[in-house]
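Scroll down for the structure; my scribbles are underneath it.
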Amino acid sequence: MIDRPGQEAIPREGLLWMYERMSLIREFEERLKWLVETGVPAGPVHYCTGQEAVAVGVCAALEAGDWIASTHRGHGHCIAKGADVRRMMAELYGKSSGTNRGKGGSMHITDASLGMLGVNPIVGMGVTHAVGAGLSSKVRQSKQVAAAFFGDGASSQGAVHEAMNLAAIWKLPVVFVCENNGYADATPVEYAVAVNNIADRAAAYNMPGLSVDGQDVLAVWSAADAAVRHARAGEGPSLVECKTYRYYGHHQGDDPHRYRTVEEENAARERDCIQRLRRWATTKKLISADELDAIETKNRALLDDAVRFAEQSPLPDPSELLTDVYVAEP
Amino acid sequence: MSTGARLAIRELTFSQALNEAIRLEMRRDPAVIVMGEDIAGAAGRAHLGMVDAWGGALRATRGLITEFGPQRVLDTPISEMGFVGAAVGAAMTGLRPIVEVMFVDLVGCCYDQLMNQAAKMHYMTGGQVRMPLVVRMAYGTRGGKPQTYGGGAGAQHSQTLYSVLAHIPGLKVVVPSTAYNAKGLMISAIRDDGPVIVMEHKFLGAAAKGNVPEEPYTVPIGHSEIVRRGSDLTLCGIGRMSHVCLEAAQELEASGISAEVVDVLTLAPLDENTILESVRRTHRIVVVDEDTPTASMARDIAARVAEQAFDWLDAPVKTVNAPETPVPFAAVLEAQYVPTAERVLDAVHELIG
Chain A
8 MIDRPGQEAI PREGLLWMYE RMSLIREFEE RLKWLVETGV PAGPVHYCTG
58 QEAVAVGVCA ALEAGDWIAS THRGHGHCIA KGADVRRMMA ELYGKSSGTN
108 RGKGGSMHIT DASLGMLGVN PIVGMGVTHA VGAGLSSKVR QSKQVAAAFF
158 GDGASSQGAV HEAMNLAAIW KLPVVFVCEN NGYADATPVE YAVAVNNIAD
208 RAAAYNMPGL SVDGQDVLAV WSAADAAVRH ARAGEGPSLV ECKTYRYYGH
258 HQGDDPHRYR TVEEENAARE RDCIQRLRRW ATTKKLISAD ELDAIETKNR
308 ALLDDAVRFA EQSPLPDPSE LLTDVYVAEP
Chain B
4 MSTGARLAIR ELTFSQALNE AIRLEMRRDP AVIVMGEDIA GAAGRAHLGM
54 VDAWGGALRA TRGLITEFGP QRVLDTPISE MGFVGAAVGA AMTGLRPIVE
104 VMFVDLVGCC YDQLMNQAAK MHYMTGGQVR MPLVVRMAYG TRGGKPQTYG
154 GGAGAQHSQT LYSVLAHIPG LKVVVPSTAY NAKGLMISAI RDDGPVIVME
204 HKFLGAAAKG NVPEEPYTVP IGHSEIVRRG SDLTLCGIGR MSHVCLEAAQ
254 ELEASGISAE VVDVLTLAPL DENTILESVR RTHRIVVVDE DTPTASMARD
304 IAARVAEQAF DWLDAPVKTV NAPETPVPFA AVLEAQYVPT AERVLDAVHE
354 LIG
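For the protein sequence lines, the chains are A and B, in the order given. Note that our numbering has the first sequence beginning at 8, numbered continuously upward. Note that our numbering has the second sequence beginning at 4, numbered continuously upward.
Structure representation (structure tokens):
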């Protein structure tokens with residue numbers, strides 16, 4: 008982790024929050040993986056283990072009233088935006104106490120009260136929704152900012168390009184966050200994308216584009232913070248590309264060793280975003296190892312509680328099948 | 004109105020009635036915005052005095068930019084997936100967008116935003132997200148009587164296609180047929196907190212004229228209307244086809260056959276009770292639909308009648324659709340494509356003999 012001007016200005020509470028959220032995402036995904044592998048029928052799940060710094064670095068730059076649009080690999084975005092892991096886990100168990108009352112599942116897990124614009128597994132489509140939220144902010148003069156997470160795979164989707172053009176011509180307060188984890192399902196980014204840095208595509212839409220180390224939460228935060236300030240000041244959209252890595256396969260059933268090497272994975276794990284923040288903060292004596300250990304202990308307890316809550320919650324009533332098809336009068 | 008003042012009832016075209024509905028709702032609610040390709044036209048050229056060069060494909064949004072300004076009347080690039088998606092996002096965050104997708108033929112460019120996003124967001128978030136979105140689409144041929152109306156927009160600019168929207172749970176689909184119900188259904192659509200598709204027939208846009216009260220009023224979504232009473236059979240029409248049914252009913256009257264006409268008005272959720280109730284009185288039905296037959300609304304309605312009113316039927320259910328072909332260009336071919344009163348009469352005579 009490289010020191011850069013301004014980082015010392017992050018309050019200690021901010022660093023603790025980043026560590027706490029990244030560690031909670033990691034704990035959530037690891038616990039979920041164990042549950043799925045021992046037979047909990049959570050449907051298709053796309054673990055974001057390894058990518059925690061992107062979700063947390065970006066959400067650290069946002070205010071509570073700001074929006075995020077998320078992807079099929081969205082558990083980390085939810086937690087970074089403040090979602091309750093008990094209700095998230097209940098959703099994955101298909102329980103009525105879930106964030107979506109058991110009607111969404113992993114690929115739609117959403118808490119709209121936190122400014123989540125939904126989680127979108129139709130790759131790239133959620134990016135347009137963030138642009139719509141930015142339009143809403145501009146029309147209503149509410150000064151809210153919308154951040155759109157999307158992968159390197161989505162960067163080839165027409166919707167993303169249309170969204171970028173609209174945000175640029177209307178100067179909307181949108182931050183496009185590309186989580187480049189190197190793979191779209193099993194297809195490597197260097198095969199599917201014509202540019203070396205996806206951030207270079209920002210030039211085509213006349214907006215700032217920056218490529219950063221997505222395994223460095225402070226680098227992500229720093230770039231996102233600048234982009235959010237730019238957006239909130241009415242200067243229009245930006246594109247922040249975060250180069251990151253997905254530790255596991257595309258989904259729970261995917262064996263990534265059919266298309267990448269163990270050596271590559273080990274090299275990525277050496278740059279683990281949580282361990283790097285720990286080393287940096289303890290070396291700088293900003294936070295003690297004991298404090299960080301205590302955070303991890305607390306997060307394990309939160310997940311114990313979340314699993315218990317999910318297991319003990321009731322299933323949806325069968326009548327729920329037919330509710331909320333149409334939007335009723337308020 | 005509590006003032007007791009008499010408000011004028013004027014004759015407006017279908018498009019003028021839509022325009023008035025949108026204008027009144029924009030005055031009432033600052034959250035209502037309008038977006039689409041050339042809904043004003045010449046955006047960014049205000050200095051040339053051309054801020055309203057088009058006013059939309061059917062001219063239904065003409066004059067809105069001069070009253071409400073470019074913040075609320077947004078010309079878009081040719082980017083249906085992008086701007087319908089942006090409207091979905093705006094609808095989730097406090098606006099009530101009305102989007103014009105010029106022609107239903109362009110639905111393929113933005114179908115995911117309607118089929119996977121707008122339609123499902125409320126359900127799959129467990130009711131958290133509301134989606135007050137209106138999507139307007141022109142449909143149909145201008146033809147049918149080529150010597151009178153021209154037409155000839157060909158296979159990719161003349162389709163009907165509403166069945167691919169009505170098929171999706173969560174989308175409401177309305178098909179107004181007169182200036183009066185166009186205004187009322189549009190106001191209902193704008194005030195609805197869920198996504199509503201408003202299908203506007205290209206021919207009716209300028210040709211359907213009728214008396215329209217000045218004040219705002221609603222025509223309820225999800226209700227069909229019996230527009231002519233009859234006792235011998237039911238003709239059930241959608242959009243422009245309800246006019247074709249009325250034309251056929253008039254001719255049948257001359258030969259002593261009393262036809263009831265049901266104007267479907269909303270395809271989803273379908274008011275099947277009005278149709279079933281009519282059939283249970285008349286014992287015969289012909290459903291007339293400008294769409295191609297396979298998986299069409301006509302066959303859907305026919306299946307519902309067969310399932311739920313079989314014991315009341317004195318003859319098989321008949322459907323009249325466009326043929327199973329793309330829409331042809333040549334006027335003589337296009338005229339054969341669109342169902343006409345003559346084809347409806349042929350179907351009736353098969354039932355009645």
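Every residue gets a Cβ at the ideal spot worked out from N, C-alpha and C, and that includes glycine.
Bridge partner(s) assigned by DSSP for residue i
{"i": "residue 300 of chain B", "result": "Partner(s): none; residue 300 of chain B has no beta bridge."}
{"i": "residue 100 of chain B", "result": "B/36"}
{"i": "residue 142 of chain B", "result": "B/204"}
{"i": "residue 35 of chain A", "result": "Per DSSP, none; premise fails for residue 35 of chain A."}
{"i": "residue 78 of chain A", "result": "A/127"}
{"i": "residue 246 of chain A", "result": "A/183, A/216"}
{"i": "residue 239 of chain B", "result": "B/265, B/290"}
{"i": "residue 157 of chain A", "result": "A/185"}
{"i": "residue 194 of chain A", "result": "A/191"}
{"i": "residue 327 of chain B", "result": "Note: residue 327 of chain B sits in no beta bridge, so no partner."}
{"i": "residue 78 of chain B", "result": "B/39"}
{"i": "residue 231 of chain B", "result": "B/264"}
{"i": "residue 216 of chain B", "result": "B/12"}
{"i": "residue 321 of chain B", "result": "B/289"}
beta-carbon residue i near the ligand PLP non-hydrogen atom, thresh 7 Å
{"i": "residue 295 of chain B", "result": "As presented, the structure is devoid of all ligands, the ligand PLP included, so that no description of it is given."}
Cutoff 8 Å: residue i Cβ touching any chain B Cβ
{"i": "residue 337 of chain A", "result": "yes"}
{"i": "residue 32 of chain A", "result": "no"}
{"i": "residue 115 of chain A", "result": "yes"}
{"i": "residue 111 of chain A", "result": "yes"}
{"i": "residue 331 of chain A", "result": "yes"}
{"i": "residue 302 of chain A", "result": "no"}
{"i": "residue 86 of chain A", "result": "no"}
{"i": "residue 176 of chain A", "result": "yes"}
{"i": "residue 129 of chain A", "result": "yes"}
{"i": "residue 93 of chain A", "result": "no"}
Beta-carbon proximity of residue i to residue j, cut-off 8 Å
{"i": "residue 102 of chain B", "j": "residue 75 of chain B", "result": "no"}
{"i": "residue 220 of chain A", "j": "residue 189 of chain A", "result": "no"}
{"i": "residue 2 of chain B", "j": "residue 247 of chain B", "result": "Here chain B comprises residues numbered 4 to 356, so residue 2 of chain B is not present and cannot be evaluated."}
{"i": "residue 238 of chain A", "j": "residue 180 of chain A", "result": "yes"}
{"i": "residue 77 of chain A", "j": "residue 126 of chain A", "result": "yes"}
{"i": "residue 34 of chain A", "j": "residue 310 of chain A", "result": "yes"}
{"i": "residue 249 of chain B", "j": "residue 285 of chain B", "result": "no"}
{"i": "residue 126 of chain B", "j": "residue 110 of chain A", "result": "yes"}
{"i": "residue 337 of chain B", "j": "residue 144 of chain B", "result": "yes"}
{"i": "residue 185 of chain B", "j": "residue 224 of chain B", "result": "no"}
{"i": "residue 16 of chain B", "j": "residue 211 of chain B", "result": "yes"}
{"i": "residue 65 of chain B", "j": "residue 78 of chain B", "result": "no"}
Below-8 Å beta-carbon distance, residue i vs any chain A residue
{"i": "residue 153 of chain B", "result": "Below a pLDDT of 50, predicted positions are generally treated as unreliable, and residue 153 of chain B, at 47, falls in that range; no measurement from the model is reported."}
{"i": "residue 119 of chain B", "result": "yes"}
{"i": "residue 193 of chain B", "result": "no"}
{"i": "residue 124 of chain B", "result": "yes"}
{"i": "residue 233 of chain B", "result": "no"}
{"i": "residue 41 of chain B", "result": "no"}
{"i": "residue 36 of chain B", "result": "yes"}
{"i": "residue 147 of chain B", "result": "Because the pLDDT of residue 147 of chain B is 49, which lies under 50, any placement of that residue in the model is unreliable, and the number read from its coordinates should be weighed accordingly. Not one chain A Cβ lies under 8 Å of residue 147 of chain B."}
{"i": "residue 253 of chain B", "result": "no"}
{"i": "residue 32 of chain B", "result": "no"}
{"i": "residue 116 of chain B", "result": "yes"}
Short CB-CB distance (under 8 Å) between residue i and chain D
{"i": "residue 19 of chain A", "result": "Going by chain labels, chain D is absent from the structure shown, which instead holds the protein chains A and B."}
### Query
Between the segment 65-92 of chain B and chain A, which residues of the former have CB atoms less than 9 Å from a CB of the latter, in chain order?
Listed by position, the residues of the segment 65-92 of chain B near chain A (Cβ gap below 9 Å) are 74, 75, 77, 79, 80, 82, 83, 84, 85, 86, 87, 88, 89, 90, 91, 92.
#### Entry: Contacting positions in the segment 132-148 of chain A - beta carbon closer than 9 Å to chain B
Residues of the segment 132-148 of chain A with a C-beta less than 9 Å from any C-beta of chain B: 132, 133, 134, 135, 136, 137, 138, 139, 140, 141, 142, 143, 144, 145, 146, 147, listed in chain order.
### Task
Please list the residues of the segment 127-140 of chain B that have a C-beta atom closer than 7 Å to any C-beta atom in chain A, keeping them in chain order.
Those residues of the segment 127-140 of chain B placed with their C-beta closer than 7 Å to a C-beta in chain A are 127, 128, 129, 130, 131, 132, 133, 134, ordered along the chain.
### Positions along the segment 92-108 of chain B whose CB lies within less than 9 Å of some CB in chain A
Cβ proximity to chain A below 9 Å picks out 92, 93, 94, 95, 96, 97, 98, 100 from the segment 92-108 of chain B.
### Task
Identify each residue in the segment 196-213 of chain B for which the Cβ-Cβ distance to at least one residue of chain A is less than 7 Å, and report them in chain order.
Closer than 7 Å at the C-beta level to chain A, one finds these residues of the segment 196-213 of chain B: 196, 197.
### Message
Give me the subset of the segment 159-174 of chain A whose CB atoms are less than 7 Å from a CB atom of chain B, sorted by chain position.
### Response
Cβ contacts with chain B come from 165, 166, 169, 170, 172, 173.
### Query
Looking at C-beta atoms only, is the number of pairs between the segment 198-214 of chain B and the segment 314-327 of chain B that lie closer than 8 Å three or more?
No contact exists between the segment 198-214 of chain B and the segment 314-327 of chain B.
### Task
Check whether the segment 331-348 of chain B touches the segment 171-182 of chain B, counting contact only when three or more Cβ pairs, one atom from each stretch, lie closer than 8 Å.
No, they do not touch.
### Query
Quick one: any contact between the segment 24-37 of chain B and the segment 54-74 of chain B, if contact means 3 or more CB pairs under 8 Å?
At 8 Å Cβ cutoff, the stretches touch.
### Message
Whether or not the segment 242-254 of chain A and the segment 204-215 of chain A are in contact is what I'm after, with contact meaning three or more pairs of Cβ atoms, one per stretch, closer than 8 Å; do they touch?
### Response
Here the segment 204-215 of chain A lies against the segment 242-254 of chain A, with 3 or more beta-carbon pairs under 8 Å apart.
#### Entry: Three CB pairs or more closer than 8 Å across the segment 138-148 of chain A and the segment 58-67 of chain A
At 8 Å Cβ cutoff, the stretches do not touch.
### Query
When you check each C-beta in the segment 158-178 of chain B against every C-beta of chain A, which residues fall closer than 8 Å?
Here the close residues are 172, 173, 175.
### Query
Given 8 Å as the limit, is there contact between the segment 184-198 of chain B and the segment 125-139 of chain B, that is, 3 or more CB pairs closer than that?
Below 8 Å, enough C-beta pairs join the segment 184-198 of chain B and the segment 125-139 of chain B to call them touching: three or more.
### Message
Closer than 8 Å is the cut-off here; do at least three beta carbon pairs connect the segment 326-337 of chain A with the segment 51-59 of chain A?
### Response
Flag = no, the segment 326-337 of chain A and the segment 51-59 of chain A do not touch.
### Query
Below 8 Å, can you find three or more Cβ-Cβ pairs linking the segment 228-243 of chain B to the segment 258-270 of chain B?
Cβ pair count under 8 Å is three or more, so yes.
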